[in-house]
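The next block holds one structure in the form of structure tokens; read it before the comments.
Protein chains: 2
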Amino acid sequence: MAATIYDIAKKAGVSIATVSRVFNNSGNVSDKACKKVLSVADEMGYHPQAFAQGLASRKSNTLMIVVPVISNYFFMEILGGVQDKLSDMNYELSIFNINPNKDLKKQVEHVLKRRWAEGYLFVSIHLEDKDWKSFQKYNVPITLVDEYFEGFDSVSVDNSQGAYRAVKALYEYGNRKIAMLSALESSKPIKDRLKGYKKAFEELDLPFDGKLIVKGDTMNRDGFTERAGYEAMMKILKMDPVPDACFCASDIQAVGALKAMQDANKFIPIIGYDDIELAEYMGLSTIRQPMKEMGFFATQNLIDRINNPDKTISQTIYTPELITRSSTKLNGRAVDV
Amino acid sequence: MAATIYDIAKKAGVSIATVSRVFNNSGNVSDKACKKVLSVADEMGYHPQAFAQGLASRKSNTLMIVVPVISNYFFMEILGGVQDKLSDMNYELSIFNINPNKDLKKQVEHVLKRRWAEGYLFVSIHLEDKDWKSFQKYNVPITLVDEYFEGFDSVSVDNSQGAYRAVKALYEYGNRKIAMLSALESSKPIKDRLKGYKKAFEELDLPFDGKLIVKGDTMNRDGFTERAGYEAMMKILKMDPVPDACFCASDIQAVGALKAMQDANKFIPIIGYDDIELAEYMGLSTIRQPMKEMGFFATQNLIDRINNPDKTISQTIYTPELITRSSTKLNGRAVDV
DNA sequence: CTGAAAGCGCTTACAG
DNA sequence: CTGAAAGCGCTTACAG
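Same order as they appear, the protein sequences are chains A and B. Throughout the first sequence, residue numbering follows our numbering, covering 1 to 337 in sequence. Throughout the second sequence, residue numbering follows our numbering, covering 1001 to 1337 in sequence.
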């Protein structure tokens, strides 16, 4: 059996209170006692047990990040930002992966009830306002990322605005028949991006045509995959006439689309969405979401709220930015390799 | 203040033992009592607190995954496999991110001492045998991924063999001057892949030339980035004469290399390493590491050990597989777009 | 099937 | 600066 605080106290000839003080840097310990405790602890390989500390102090020192799909690029970048913020803070990080086959609301509620963490970061979890509202009663710090609800801090990007900018840029390059390479319509980001796409058509006075909105057949990860992008672009290239240009709902789909164009040997200008690291190396024009910054900022926000539960709720909305690279530059000419 | 087991017990007119039994499905509770407890709990939004359960039962129901860099593709895929395995198991998952600026061994030891988890998955953590050995005294289930030590279960890939196969394949396609696009030499995977590269040269009776081993200048993530790959390939293409072909130490570097070839408008056959999802869409030939399977299997292994601490230690070594795509097909002809 | 009670390993006023 | 003691919210033999 591993050593406990009692073993250390006995061997060091002090009380458990003193041992506790040493490990919590709470001061009020003589140099001598401190050294003795530390050396005994080191010798016996002792360190306070996280769970006992958590229970006694009523602080878990843990943040939990709740996500729907763990291996997607958006989440990876967010996670990177979270880690950057956490790197020199004394918090543990737990990940809760939502099971897509079970009830979302129940899973979220369960997580909250267990009181595992001191604060929760919900990433890309989309619920109705009334559901979010019902969680307020748990009275625990929550920050929403890529989602919006007035009762919690949130950090998100204006998806509609992003799509709008993409279409408008394509238009300004001289394109008129602008397709959208979409994904699962019921997904929140797609809904918002579709909205922006349509808004652009209205403002630019372009004739709207539902057939220009195309998605792939593979719908895992809600269709945000290279494969789905490939499939969709193949459909687009088979249209007659072929659209002038295409707005892709995500970079990862755009990667598949690029491949499709190569295989079909037909090229149209495209703009992606996200600005994942790869985009630069693929020469992909895109709408940049500052994912890492969002993760960093959201974490900071959450920690601030933990330390100050009464601070004003803040809604942070980033406006996505157009990044121009070569994928929009072949505009106008019919490129055949 | 949130409800505790006492509140529920009182309101349901039973003892706390009964409430506990209900939530632990330990049976021996009358239907009536069970229903009553459940309805009261639901009404008061009660669920047992994880930390108190953990302390009392001496089980944390948590697995911890320890990694050096959180946002790299290898880790992402491993994590995906871990989650797949965990999805219907009753375990929490914590992530511990090693801080590259602090002492590695101390951090690992600290993690172990806190006894946060019931089992630990170390991913790409490379220590000397004597260090791993010293951790055996903590007597806690540990599975190593992408690392080998005889005292713990491990799951890894034969990196030397993988590199060997890549070079041999390139050779069989008729190439003789085969470069290696490398990364930080002190990184364990690079060491092993270099070994395989050299072994192939010997066996194939090719003249070894250290100048053929090239790396980029950017060394974040140990040089496993698109940028480093781009830089290195640019150097390779400037060599006189240009090498016939190139083995890239990772797919992500190969992506950068592909871009470099495009920008320089010079193409040589290349083979990557990993088989990340993108590889297929880039037409990148590669050496496949079954990352997701490794994560899945390692997790299963770890859970098995938690349940049966005395089971025989197992070392699982996957042999990587050559996947042929278009990036090796332009062999022989001098392609200029 | 049920409850009283001890114990898990800590923290933290409180009194000195 | 130090220690005795209560308490954190559970689980789990034990006795019935």
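Note that the Cβ used here is the ideal one computed from N, Cα and C, for glycine as well.
What are the boundary residues of the alpha helix (DSSP H) that residue i is part of?
i       : result
A:S20   : I16 to N24
A:K199  : K188 to E203
B:L1180 : The displayed chain sequence assigns Met, not Leu, to residue 1180 of chain B. Segment I1178 to S1182 is the beta strand (DSSP E) holding B:M1180; no alpha helix (DSSP H) there.
A:A3    : Per DSSP, A:A3 belongs to no alpha helix (DSSP H) and is neither H nor E.
B:K1215 : Here B:K1215 belongs to no alpha helix (DSSP H); instead the beta strand (DSSP E) covers I1213 to K1215.
A:Y230  : E226 to L237
B:T1299 : M1291 to N1307
A:A44   : As written in the sequence, residue 44 of chain A is Met, which differs from the Ala given in the question. From DSSP, the alpha helix (DSSP H) with A:M44 extends over D31 to M44.
A:I252  : D251 to A264
B:G1080 : Y1073 to L1086
Measuring alpha carbon to alpha carbon, tell me which of the options ends up nearest residue i.
i       : options                               : result
B:I1005 : B:K1036, B:Y1046 and B:K1032          : B:Y1046
A:A117  : B:N1097, B:Q1049 and B:K1191          : B:Q1049
B:P964  : B:E1277, B:I1276, B:V1255 and B:L1278 : With chain B represented from 1001 up to 1337, any question about residue 964 of chain B goes unanswered, as that position is not in the structure.
A:I323  : A:I317, A:L112 and A:Y281             : A:Y281
B:A1260 : B:M1234, B:L1284 and B:Y1273          : B:M1234
B:D1217 : B:D1310, B:G1210 and B:Y1230          : B:Y1230
A:D263  : A:L284, A:L237 and A:E277             : A:L237
B:M1291 : B:N1301, B:L1284, B:G1283 and B:E1277 : B:E1277
A:F96   : B:P1100, B:L1086 and B:K1102          : B:L1086
B:P1100 : A:P100, A:D88, A:K168 and A:V111      : A:D88
A:G196  : A:G223, A:V167 and A:F224             : A:V167
B:V1069 : B:M1239, B:L1194, B:K1311 and B:G1223 : B:G1223
Determine the direct distance from the alpha carbon of residue j to that of residue i, and round the result to whole angstroms.
i       : j       : result
B:D1131 : B:K1105 : 7 Å
B:E1226 : A:F208  : 39 Å
B:M1076 : B:V1067 : 11 Å
B:D1251 : B:R1221 : 14 Å
A:K113  : B:D1007 : 15 Å
B:G1119 : A:A257  : 42 Å
B:A1002 : B:A1009 : 14 Å
A:A298  : A:I142  : 10 Å
A:E128  : B:I1313 : 49 Å
A:Y173  : A:A200  : 14 Å
A:L55   : A:N159  : 42 Å
A:C248  : B:R1115 : 46 Å
A:P243  : A:K266  : 11 Å
A:I16   : B:Q1083 : 40 Å
B:A1163 : B:E1321 : 10 Å
B:N1331 : B:R1176 : Residue placement at B:N1331 is poorly supported in this model, since its pLDDT is 43, which falls under 50; the coordinates are not used for a value here.
B:E1109 : A:A279  : 39 Å
A:R325  : B:Q1136 : 53 Å
B:N1308 : B:N1139 : 13 Å
A:S339  : A:S134  : The requested residue 339 of chain A is not part of the displayed model; chain A covers only 1 to 337.
A:R165  : A:F152  : 28 Å
A:E38   : A:A52   : In the sequence under discussion, the amino acid at residue 38 of chain A is Leu, which differs from the Glu named in the question. Going by the C-alpha atoms only, they are around 19 Å apart.
B:T1286 : B:L1170 : 11 Å
B:D1103 : B:L1204 : 41 Å
B:M1180 : B:D1192 : 13 Å
A:L284  : A:Y73   : 16 Å
A:G273  : A:V19   : For clarity, residue 273 of chain A is Tyr in the given sequence; the question names Gly instead. A:Y273 and A:V19: Cα-Cα distance of roughly 54 Å.
A:A315  : A:L121  : According to the sequence provided, residue 315 of chain A is Gln. The question's Ala does not apply to it. If I take the Cα positions, the gap works out to 14 Å.
A:Q107  : A:A228  : 28 Å
B:I1213 : B:L1144 : 29 Å
With residue i as the anchor, note down where its beta strand (DSSP E) starts and where it stops.
i       : result
A:G272  : I270 to D274
B:D1153 : D1153 to V1157
B:Y1318 : Q1315 to Y1318
B:L1093 : E1092 to N1097
A:L247  : In the sequence on display, residue 247 of chain A carries Phe and not Leu. Counting along the chain, the beta strand (DSSP E) containing A:F247 begins and ends at A245 to C248.
B:T1143 : I1142 to V1145
B:E1321 : E1321 to I1323
A:M63   : The displayed chain sequence assigns Leu, not Met, to residue 63 of chain A. It spans T62 to V67 - the beta strand (DSSP E) in which A:L63 sits, taken as one unbroken run.
Contact defined as beta carbons within less than 8 Å: I believe residue i pairs with residue j. What is the distance between those atoms, to the nearest angstrom?
i       : j       : result
A:I271  : A:T328  : 6 Å
A:Q289  : A:D275  : 7 Å
B:I1178 : B:C1246 : 7 Å
A:I98   : A:I125  : 7 Å
B:G1295 : B:G1080 : 6 Å
A:V29   : A:A12   : At roughly 11 Å, the Cβ-Cβ gap does not stay under 8 Å, so A:V29 and A:A12 are not in contact.
A:V123  : A:I78   : 6 Å
B:A1232 : B:K1215 : 5 Å
Flag this pair as touching only if the stretch 1082 to 1095 of chain B and the stretch 1052 to 1063 of chain B have three or more C-beta atom pairs under 8 Å; answer yes or no.
yes
(request) Check whether the stretch 174 to 187 of chain A touches the stretch 144 to 158 of chain A, taking contact to mean three or more Cβ pairs, one atom from each stretch, closer than 8 Å. (result) no
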